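Trainee: Taken in order, these protein sequences are the chains called V and W. Numbered according to our numbering, the first sequence spans residues 17 to 360. Numbered according to our numbering, the second sequence spans residues 17 to 360.
Protein chains: 2
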Amino acid sequence: MKYEPVTIKDIGKALGLSTSTVSRALRGSYEISSDTKKQVLEYAEKVNYRPNPIALSLKERRSSSIGVVVCEIANNFFSQVINGIDSIAYNRGYHVIISQSHESYEREVVNVHHLASRSVDGLLVSLSSETTDMAHFINLHEKGLPIVFFDRVTNEIITHKVIVDNYKAAYEATLHLIKNGYKKIAHITSSPFLSITKERLEGYKDALLENGLAFNEKYVKYCSHGGMIVEEIEGALHNLLKIKQKPDAFVTAGDRITTGSLTAIKNLHLRVPEDIALVGFSNTNIPELLNPTLTTIRLPAFEMGQVATELLISIIESKRPVTSFETRVLQTEFFVRESSVKLQ
Amino acid sequence: MKYEPVTIKDIGKALGLSTSTVSRALRGSYEISSDTKKQVLEYAEKVNYRPNPIALSLKERRSSSIGVVVCEIANNFFSQVINGIDSIAYNRGYHVIISQSHESYEREVVNVHHLASRSVDGLLVSLSSETTDMAHFINLHEKGLPIVFFDRVTNEIITHKVIVDNYKAAYEATLHLIKNGYKKIAHITSSPFLSITKERLEGYKDALLENGLAFNEKYVKYCSHGGMIVEEIEGALHNLLKIKQKPDAFVTAGDRITTGSLTAIKNLHLRVPEDIALVGFSNTNIPELLNPTLTTIRLPAFEMGQVATELLISIIESKRPVTSFETRVLQTEFFVRESSVKLQ
DNA sequence: ATCGTTATCGGGAACGATTGCGTAGAAAAA
DNA sequence: TTTTTCTACGCAATCGTTCCCGATAACGAT
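#1: Assess contact between the segment 312-322 of chain W and the segment 281-288 of chain V, defined as three or more Cβ pairs (one per stretch) separated by less than 8 Å. Is contact present?
#2: For a minimum of 3 consecutive residues, which ranges assigned as the beta strand (DSSP E) are wholly contained in the segment 127-162 of chain W?
#3: In this structure, how does DSSP classify I194 (chain W) when only helix, strand and coil are distinguished?
#4: Contact defined as beta carbons within less than 8 Å: I believe A252 (chain V) pairs with Y220 (chain V). What is the distance between those atoms, to the nearest angstrom?
#5: What separation, rounded to the nearest whole angstrom, lies between the Cα atoms of E188 (chain W) and I174 (chain V)?
#6: Are the beta-carbon atoms belonging to G160 (chain V) and V128 (chain V) less than 9 Å from one another?
#7: Roughly how many whole angstroms lie between the Cα atoms of E304 (chain V) and S73 (chain V)?
#8: Just the chain V side, please: which residues come within less than 7 Å of A90 (chain W) by C-beta, in chain order?
#9: Are the CB atoms of G228 (chain W) and D271 (chain W) within a distance shorter than 9 Å?
#10: Would you identify the three-state DSSP class for A10 (chain W), choosing helix, strand or coil?
#11: For the pair the segment 131-138 of chain V and the segment 317-336 of chain V, tell me if three or more CB-CB distances fall below 8 Å.
#12: D291 (chain V) touches chain W at which residues, Cβ-Cβ below 7 Å?
#13: Please report whether the beta-carbon of G160 (chain W) lies at a distance below 9 Å from any beta-carbon of chain V.
#14: Using a cut-off of 7 Å between C-beta atoms, extract the partners of Q116 (chain W) located in chain V.
#15: How many angstroms separate the CA atom of A41 (chain W) from the CA atom of N182 (chain W)?
#16: Report the three-state DSSP secondary structure of Y46 (chain W) (helix, strand or coil).
#17: What number of angstroms, rounded off, separates the C-alpha of S95 (chain W) from the C-alpha of S95 (chain V)?
#18: Give a yes or no on whether 9 Å exceeds the smallest Cβ distance from P316 (chain W) to chain V.
#19: By DSSP, does R66 (chain W) sit in helix, in strand, or in coil?
#20: What is the DSSP secondary structure of L225 (chain V), reduced to helix, strand or coil?
#21: For chain W, find out if any of its Cβ atoms is closer than 9 Å to the Cβ of Y198 (chain V); answer yes or no.
#22: Quick one, which of W:E250, W:R216, W:E158, W:A202 has its alpha-carbon nearest F231 (chain W)'s?
#23: Is it true that the segment 18-35 of chain V meets the segment 55-65 of chain V, where meeting means three or more beta-carbon pairs spaced less than 8 Å apart?
#24: Can you give me the C-alpha to C-alpha distance between I363 (chain V) and T148 (chain W), rounded to a whole angstrom?
#25: Near T348 (chain W), which residues of its chain fall below 6 Å by C-beta distance, leaving aside the five closest residues on each side in sequence?
#26: Just to make sure I have the definition right: I need the residues of chain W whose C-beta is within less than 7 Å of the C-beta of A71 (chain V). Which are they?
#27: Apart from the five residues on each side of it in sequence, which residues of its chain come closer than 8 Å, Cβ to Cβ, to L156 (chain W)?
#28: Are the C-beta of H285 (chain V) and some C-beta of chain W separated by less than 9 Å?
#29: When you compare only the Cα positions, how much space is there between T300 (chain W) and S34 (chain V)?
#30: Pull up the distance between the alpha-carbon of T339 (chain W) and that of P263 (chain W), whole angstroms please.
#31: Could you list which residues in chain V have their beta carbon closer than 7 Å to that of N307 (chain W), in chain order?
#32: Go ahead and pull the three-state DSSP assignment for Y121 (chain V).
#33: On the DSSP bridge assignment, give the partners of G296 (chain V) in chain order.
#34: Between Y59 (chain V) and chain W, is there a C-beta pair that is closer than 9 Å?
#35: Residues of the segment 258-279 of chain W in Cβ contact with chain V at a cutoff of 8 Å, in chain order, please.
#36: Just to make sure I have the definition right: I need the residues of chain V whose C-beta is within less than 9 Å of the C-beta of E20 (chain W). Which are they?
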């Protein structure tokens, strides 16, 4: 089954003009008489002519498309980011090609090569939780492929980055729990390789230390698959609850981990916040509908997508090589709800 | 900033061979000596040569990419569908290009043209809630562009479709409420133009009529933006509650409408299911975490994406024009939870 | 009458890869 | 020695578009 669109050549043949003339008429060149222009334009409209972007891509050596690499789409945070990406890219005439790493390093490498060979004009990347080797990015970046990282970034590559103040957000969340009388505060987080994990851990740690509480390694549990596997969350929680000095509150990093933890707690028939309090990084749209309503740190996902895309397009469309890069730090929002407030 | 990949010409120049020889060597043609082959292969490996898929697309008149048109990504159902699409497309060597209509007819038209002109090999479509005119699809479909519809379909175009048994699902949900003693059952649904809306309405209606309950037009409220606007959901609910014969239960169609309704009910300080019961079409991952836990009809979203993609690729890769089409009907799942069960 | 100018348009190369066809050179057959 | 037969490669067209050059005609100026 073949889909055969009208080409510039077809128009030329039908009108007895050369392809060059048709091309110029279509682009409104000054060196084409208005009669011819009108004729061409009308005919093109009539046969519903659309320029073939593949031919254009080949000629212009650009595809007007940008590749996105995230761990998964079916995640509140990332789907909101993609929305932000889409909102900018669409208006600037770029297509968005999305690929999911599913938190797998191998899959990320394959996807990146796939996208690059597909001649995307640039890449928007949030690293997978397994990624430690950046060679696949470095290689392409050195060859001149524009890349912008967001959320889960690396400092091995000098380029634009868009992040949030994870340290502050985690600090704030932990401090909130301390102020509400919790003293044994645990932390269930994502893979230790991720930038966001390290930053959040520091914020959590400093909040404890600066408020006279000890930092206990045993209180920190990592979910190396970023919470994509239910069992790792359950395991983390069970391990925490086995400790003799059982935590009375905890901070979770990431959508999956937050809701996964809440589910696991419910399955254990523990009450929140009476038995254990919870503050989570989450971009769920329905924190108010949960039981209990959930205290969350919300990331400006949509905005992150927008900013990252603007930065990427600015590199792509820059006439001269870009040499100075920035790291945009956006602010998180903190919403206090029931899950973290001890009822007196 | 330019990204300049190695071409077959570069290899030829470096090795003193013509492009044809290099091309053939790369594809292992029998008419190239093994010496030359080895030389080319080794050099290509060394400089990390990747064939330019854009040039290939131009020549082969196919792009190995499929376009997806949904109303929005940041929606449980659609993001799960996209996951299913991606899982198949990836393995079959296709790229997925996603576009969002945001429930706007105009935006849908623009996106479809954008994708078609971008030379996607086929289209996976779920209609926007505003769409009544199918001309933009008919036009392309008649020209031979393979299209498969899923979830929100049209019978104006004869092609493969993947849907669920919406009639049965709505019937079942309504019956469940009736069996639980509810007699004044309302229905908040999406745009009246959508196939899913009509089918669900029929299921709802028949369940009422076949169980000795009257069907009341006033009990049916439409959200023409599919619930994307909070106010339309609130408005629908308020209108329902203003009726003197105030409903004691209702069925909601769609993720947004379901959670939106629950939020609106909470804001009115009504209790669920004591004051009003609720059964909703929803693909949320956390129905158990809601308060109350939510009785849901869940669509096999991932599977829908997979099936639709398989059907589309089968058309794309078919040697001869496809003339016989099928409509795959998948089964929904019904989960009874607290929101619909009257506590005696 | 000759030249320059301007307005309009066409020819053809280029983008990267594939592929049918042609052919040089060597080996094999006559 | 001559002819045939392979082997192993190059040439050029092709996909749709743009754009650098040229080409042509009309027209006014000298």
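Every residue gets a Cβ at the ideal spot worked out from N, C-alpha and C, and that includes glycine. The model shown is predicted, which means the values in this text are computed figures rather than measured ones.
Mentor: The relevant details are as follows:
#1: no
#2: Correct list: 138-141.
#3: helix
#4: That pair is no contact at about 15 Å.
#5: 57 Å
#6: no
#7: 47 Å
#8: S95, Q96, N99
#9: no
#10: Lying outside 17 to 360, the shown extent of chain W, residue 10 (chain W) is not represented and no answer is given.
#11: yes
#12: Neighbours of D291 (chain V) on chain W: none; closest Cβ ~16 Å, over 7 Å.
#13: yes
#14: In chain order: D102.
#15: 55 Å
#16: coil
#17: 8 Å
#18: no
#19: coil
#20: helix
#21: no
#22: W:A202
#23: Proximity of the segment 18-35 of chain V to the segment 55-65 of chain V meets the contact definition, three or more beta-carbon pairs being nearer than 8 Å.
#24: A query on residue 363 (chain V) cannot be resolved here, the shown segment of chain V reaching from 17 to 360 and no further.
#25: V180, A185, I313, L315
#26: Within chain W, the residues L74 have their CB atoms less than 7 Å from the CB of A71 (chain V), given in chain order.
#27: V128, A132, L139, I163
#28: no
#29: Between T300 (chain W) and S34 (chain V), the alpha-carbon positions lie close to 57 Å from each other.
#30: 48 Å
#31: L305, L306, N307
#32: helix
#33: DSSP lists V:T268, V:T312 as partners of G296 (chain V).
#34: no
#35: T275, L278, T279
#36: R77, K159, G160
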